[in-house]
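Presented below is the structure to which this report refers.
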Amino acid sequence: MRLAKLLVCMAILSAVVAGSASAAVPDPERNSNALTGWEWYHGVSESFITNKINANGERIVSLHVESTSPYRFTVALVHNSGPYARGWYWFYNLSAKKLKSKIGSLNARIIHLERYTAGGKGRFAAVLVKNTGAAAKSWWWYYGLTAKQVNARLKLRVAKGKPPQYARIISLDSYGKGSSRRFAVAMIKNAGVDTTKWWWYYHATPSFIASKLSQHNARLIVLDTDTPGRFNVVLVRNTGSAGRFWVYGFGSETQITDLVTENVARIVDVQSYTAGGKKRFAAVAIDDADPDAARLRGVLRSGWDGGLFGAYLKKVGGAVFTGINQDRIFEPASALKALPHLYAIHEAEVDPSNTNLDSTNVTYNSCPGSPAPFDSGQCAGQTNAKDICPTNSNATATYQSTLRVALQRMMQNSDNRETGAVVDHFGRTTINTYADQHGIGAHTQIRQVFGCGFKNNLRNDWTLTDAGKLYEGVLNGSLIQQSANRDTFFNLMITGGTNAAVNSVVQQEANAQSKGGDASDFESRVVISVKGGSYDVACPAGAPASCVFGYYRSAAGRITLPYKQKMFGRTAIVLRSFVFGYFVNALPIPCSDTKPQCSTLAAADNAFGTMYSETFRGAIRDALNTPISRWIPRC
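Read left to right, the sequence shown gives residues 4 to 638 (the numbering used here).
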């Protein structure tokens, strides 16, 4: 009886001896970092997936059955083009017999396999690729195996006297619990271009997985949910030419989306599961960044890993040069003061009879005897009165200033009192409506009084894309039409030339183009306008017990660079602008903001400083990269 049961549960074997005129390549789904388009969804139907496939020319690389009545899936797709192009198929609700028939009739092999139960019967969902040409491989698939039986299948049968040969797992799914746990697997021959060191583990905790990844210098290619808090995984060595930047994580849809967008990575395996009554996901993602995005990602991760972060650089009227998490809503702190600043300049332009920068006065609150931008005495717990929350009960005195002075203090000194005066003068709702109606973005919202942190659990919203729209709208004249008013907008904020860090980037990029001697003249023509923001507030939800405060930083603005251009047979210098921004939110800091800084805080501050120059690198390279070999010195 035991033998009969074993025969029933043993796998159906499919083996194809690869042979092709095309040079074999590793499967790109989990190994290639060539740039491509991709998507992921959960809770979606077959028709939804099919529509995406047809509309976007995509194919499935990861498929998980969430429910069977009705059928709903978690899925990851990649553009079926370039190195990712494959003839392919996907199926679900198949018996083992029918799946075997599909494999044979289509001359295909499995790259993703899942076994589940529907209507009391075992069923399979599978993603297949044509096993021909460069994609051809010797391969096998099994189901109903114990871990011991899986390991036994990894050693391949060879002729007597021949060296041993082995397979390795590329897809892994478990079902059942305890002694009834069984596995469905797809394997390829661990030979030729597919040769690598690899490991697999089942019923593993996240901490165990992390330790093995470190021990083996490996990356995940499979992350399969087993039981709550436990996972089955396949690891491959991540070194040499096969080494890839990659990330993995567990969490909500928002957390997984943040993981892949801020790391510019493409999901290669994703499953949904339930934990604590909530839907959660386990995902693995591989590098999908161009060189500039990868470089900025390295800077961001060097100091802000553990927080939410992003970066953005776009040419005015042109392409996005770098976008990392640019559409993620974040708390901008004082960087968003650019919005009431814009609205005030706009009102002075369109309705000068009611709004005049020099004759219109605004009223702000402060401590008694503290009307100046920088006050030496304490006010409401702040060393400088400009940093108080304007609604603080200690701010009992009122003062007036002209609108021009208020804007300058708001944008250059980041004075919260003057900001409150400007917002109150025009009205928060009016300013928000203006942003909505003028294309600055639906995610640009003032909800909280500037300088009051997250009082009453209210935060301000921005995205880097929306920040770019604001500054680009000023530069291209769509938001401020008169040139003099555009100049006023920038002159009232921090505007100037380069610093040593930016000059270093210019010199490096000029040297790379054999134009090192022109760097100084180039630097002298650069103009930068920026507004930053910072909050040190309560630790974010889920922060480790060591957290002392939450670190929030952001900056946005414009950089104008000199380009050479042929005009009427002569070479002229043309100034072209870019908009930029970067942020970090909810970074747990395990020490107070006092000297000496702990390493975490020092790294965070260093990353913020480095981003000011490194964000511009792609634009500087573009400006220097002109067909004219030499710069004409300024007369």
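Here a beta-carbon is modelled for each residue, glycine too, at the ideal position from N, C-alpha and C.
- One thing to note: Thr325 has its Cβ no nearer than 7 Å to the Cβ of Asn364.
- The Cβ-Cβ distance between Ala314 and Ile332 does not fall below 7 Å.
- Using a 10 angstroms sphere on the CB of Asp625, the tally of other CB atoms reaches 16 or more, which defines it as buried.
- With a minimum length of 3 residues, the unbroken runs of beta strand (DSSP E) contained wholly in the region 543 to 631 fall at 552 to 570, 573 to 592.
- The residue among Lys598, Tyr538, Val68, Met570 with its C-alpha nearest the C-alpha of Ala589 is Tyr538.
- DSSP, read as helix, strand or coil, puts Gln274 in strand.
- Judged by DSSP in its simplified three-state form, Val540 adopts strand.
- Only buried fits Asp272, as 16 or more other CB atoms lie within 10 angstroms of its CB.
- Secondary structure of Gln440 (DSSP, three-state): helix.
- DSSP, read as helix, strand or coil, puts Gly181 in helix.
- Sequence-distant partners of Arg556 (beyond 5 residues in either direction) whose C-beta falls short of 6 Å from its own C-beta, in its chain, are Ser537, Val587, Phe611.
- Thr618 is positioned such that its CB atom lies closer than 7 Å to that of Leu316.
- In the three-state reduction of the DSSP assignment, Thr394 falls in the coil class.
- When C-alpha distances from Val250 are compared across Arg240, Asn266, Gln258, Glu350, the shortest belongs to Asn266.
- A direct Cα-Cα distance of roughly 6 Å separates Ile191 from Trp143.
- The beta-carbon distance between Phe127 and Ala99, rounded to whole angstroms, is 7 Å. This is short enough to meet the 8 Å contact definition.
- 7 Å or more divides the Cβ of Asn488 from the Cβ of Glu350.
- DSSP links Met190 through a beta bridge to Trp143, Ile172.
- In the displayed model, Glu526 falls within a helix according to three-state DSSP.
- In its chain, beyond the 5 residues on either side, Asn134, Trp142 have a beta carbon closer than 6 Å to the beta carbon of Arg112.
- Contact annotation: Gly147 and Arg185 have beta-carbon atoms nearer than 7 Å.
- Contiguous alpha helix (DSSP H) elements confined to the region 249 to 327 occur at 256 to 265, 294 to 307, taking only those with 4 or more residues.
- Under DSSP, Phe127 forms a beta bridge with Leu97, Arg118.
- Taking the Cα positions, Gln274 is about 27 Å away from Leu109.
- Boundaries of the alpha helix (DSSP H) around Asn506: 503 to 515.
- Thr447 counts as buried, since no fewer than 16 other beta carbons sit within 10 angstroms of its beta carbon.
- Judged by DSSP in its simplified three-state form, Gly85 adopts helix.
- When His115, Val64, Gln451 are compared, the shortest CA-CA separation from Thr432 is found for Gln451.
- Beta-carbon to beta-carbon, Gly454 and Cys550 are separated by about 22 Å, too far to satisfy the 8 Å threshold.
- Excluding its 5 nearest sequence neighbours in each direction, Glu512 has C-beta neighbours in its own chain below 6 Å: Ile623, Arg624, Leu627, listed in chain order.
- The way I'd put it, the region 492 to 501 doesn't touch the region 454 to 465; fewer than three beta-carbon pairs between them come closer than 8 Å.
- If the five residues before and after Lys158 are omitted, its C-beta is found closer than 7 Å to the C-beta atoms of Pro167, Tyr169, all from its own chain and listed in chain order.
- Rounded to the nearest whole angstrom, the C-alpha separation of Ile289 and Asn154 is 27 Å.
- The criterion of a C-beta distance shorter than 7 Å is not satisfied by Leu238 and Ala341.
- Judged by beta-carbon spacing, Leu175 lies within the 7 Å limit of Val225, meaning their Cβ atoms are closer than that value.
- In this structure, the CA atom of Met413 is about 39 Å from the CA atom of Gly519.
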